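The opening position of the sequence shown corresponds to residue 1 in UniProt numbering, with each subsequent residue numbered one higher.
C-beta atoms are modelled at their ideal positions from N, C-alpha and C, and glycine is treated no differently.
Because the structure is a prediction, the values reported are computed rather than measured.
Report on one structure; see the data block that follows.
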Amino acid sequence: MLKTRAKYRLGQVVRHKKHPFRGVVFDVDAVFSNTEEWYDAIPEESRPSKDQPFYHLLAENDQSYYVAYVSEQNLLPDMSGEPIEHPDLDDMFGELENGVYPLQAQLN
């Protein structure tokens, strides 16, 4: 039986290790749960292992806001203290408190 513990929690601000974006965790999959097509689109030498947590993020970079799906191995905690400006943030979370957005909405 596979036992997985997520390193990051709902509402936590994280950043990608390799790409210039940050985001807020709004959901976690214990293991990879996206499509094979999505996975196969990642260059083989960069593909993360499927047997680790994957995070759904309300993400942003200098140009846009979007939803990202990122493996745990590619994330770091964001210690900047800077807020996230994603337009969907207020639908799920309250105001930033000590680097974490408190959950405001009931998620399924």
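Query, Result
"According to DSSP, is L10 part of a helix, a strand, or is it coil?", "coil"
"Please classify Y71 as buried or exposed, where buried requires at least 16 neighbouring CB atoms within 10 angstroms.", "The question names Tyr, yet the displayed sequence has Ser at residue 71. That one is buried."
"Within the continuous beta strand (DSSP E) that includes E60, where are the two ends?", "54-60"
"Starting from D91 and walking both ways along the alpha helix (DSSP H), at which residues does that stretch end?", "89-92"
"What residue does the alpha helix (DSSP H) around D40 start on, and which one ends it?", "36-40"
"What does the alpha-carbon distance come out to for the pair V25 and I42?", "21 Å"
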